[in-house]
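Participant:
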Amino acid sequence: MASDILTRGIASIFCKLRSTNAAPYSATWLLTLIAGVSCAGLVPMARAADLAIKAPMQAVISPLNWTGPYVGANVGGGWGNRSVDFAPNDTSVLPANVPPSTSFNTSGALGGVQAGYNWQFNRNWLVGIEADFDVSGVKGSAVSSNTLLGGALLTAPVDERINWFGTLRARWGFLPTDNLVAYVTGGLAYGQVVRTGSYSLPINSFGFNNTNSFACAASPCFTGSSSEIDVGWALGGGIEYAFRNNFTLKVEYLRVSLDAGSTTETARSILLLGTAPSSLNANFSRASFNVARIGLDYRF
């Protein structure tokens, strides 16, 4: 090594000078002394250079950066509750013939895809935007019933189902560690909501005036359905963890609330010719439901 070569060279020079039998204070001895002092300082430097060459290079690991686009998939479930009230469109209908208000719970599985973009503007903070689209099995039903004068029983079953929904949301996240994000999120929601209702009565008339009429010749007497694309809002939060290369796993909760809607139930047969069919509206509250899901994302 460099230090060994340098040591042997100094020893050789010293021996040659000594063999000349130079006087103790001659120029030759002075040069020898200067060379020895200089080399005494150079030897440790050469050895340090050897050690520097032998020392392994330490890799510098940069912190994980979340900036960039991502895509992924999710699966989970939804649940909520709904209320329904009824309003006849016939002015002569007796209040006792109107189904009473009712309520019911909704639930079902859901799953879909998402895509988004993150901007990590600080070691501990990021903002982002995300869009998702889920197929939904969230649905529920109820039966409103009432006993009429004379003991007859009316029944009015209703149901609602959310076939699919999507959101477009902003995200605000905090990073307690480089590979973990806790975030809140909120924005626009939309979805297809299908509502149906019917009305059964074991008698032959519901009531009519000079513009509306019906005859209940078969059960149910009234039927109706509607399918709408409703809009609303979504708000929630979650935790996302980067566990391997570009993959992240997240657990998320959302509260989704879509617009209220109604279904017009129309008489299946008309009692008097020349009159409009009787009808009533089943008015549903907002299609609000909770979403709990897990998602897997790939970051580009």
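The sequence shown finishes on residue 299 if you use numbering that gives the first Met the number 0, and the numbering steps up by one all the way, no holes.
Beta carbons are placed, not taken as given, at the ideal position from N, Cα and C, and that holds for glycine.
Computed from a prediction, not measured in an experiment: that's the story for all the values here.
Are there 16 or more other CB atoms within 10 angstroms of the CB of residue 44, so buried, or fewer, so exposed?
Facilitator: Caution is warranted here: a pLDDT of 43 is assigned to residue 44, below 50, making its placement in the model unreliable, and the coordinate value is therefore given only provisionally. Exposed.
Participant: Suppose the cutoff is 7 Å on Cβ atoms and the five residues either side in sequence are ignored; what does the same chain contact list for residue 171 look like?
Facilitator: 126, 182 and 183
Participant: Let me confirm a value: residue 90 is counted as buried when at least 16 other C-beta atoms fall within 10 Å, else exposed. Which label applies?
Facilitator: When all chains shown are included, residue 90 counts as exposed.
Participant: Residue 178 by DSSP, collapsed to three states: which one?
Facilitator: Residue state, collapsed to three classes: coil.
Participant: Tell me the rounded alpha-carbon separation between residue 293 and residue 109.
Facilitator: 11 Å
Participant: Mind reading off the beta-carbon distance from residue 85 to residue 281? Whole number of angstroms is fine, and I expect it under 8 Å.
Facilitator: Confirmed, Cβ separation roughly 6 Å.
Participant: In angstroms, rounded to a whole number, what distance separates the CA positions of residue 291 and residue 235?
Facilitator: 10 Å
Participant: Since residue 151 contacts residue 220 with CB under 8 Å, what's their CB separation in whole angstroms?
Facilitator: Rounded to the nearest angstrom, the Cβ distance from residue 151 to residue 220 is 12 Å, too far for a contact under 8 Å.
Participant: In chain order, what residues of the same chain have a beta carbon less than 8 Å from the beta carbon of residue 244, not counting five sequence neighbours either side?
Facilitator: Excluding sequence positions up to five before and after residue 244, its CB lies less than 8 Å from no other CB in the same chain.
Participant: Going by DSSP in three states, residue 151 sits in which element: helix, strand or coil?
Facilitator: It is coil, neither helix nor strand.
Participant: Looking only at C-alpha atoms, which of 115, 163, 96 and 270 sits nearest to residue 70?
Facilitator: 115
Participant: For residue 74, count neighbouring C-beta atoms within 10 Å of its own C-beta (all shown protein chains included) and say buried if the count is 16 or more, exposed if not.
Facilitator: It is exposed - the Cβ of residue 74 has fewer than 16 other Cβ atoms within 10 Å.
Participant: So what does DSSP say about residue 99, is it helix, strand or coil?
Facilitator: coil
Participant: With residue 67 and residue 121 assumed to form a contact (beta carbons below 8 Å), what rounded beta-carbon distance in angstroms separates them?
Facilitator: Between residue 121 and residue 67 the Cβ distance is about 16 Å, and since that is not below 8 Å, they are no contact.
Participant: Is DSSP giving residue 156 helix, strand or coil here?
Facilitator: strand
Participant: Looking at the strands, I want to know which residues DSSP matches up with residue 269.
Facilitator: Residue 269 is not bridged to any residue.
Participant: Rounding to the nearest angstrom, what Cα-Cα distance links residue 64 and residue 157 in this structure?
Facilitator: 51 Å
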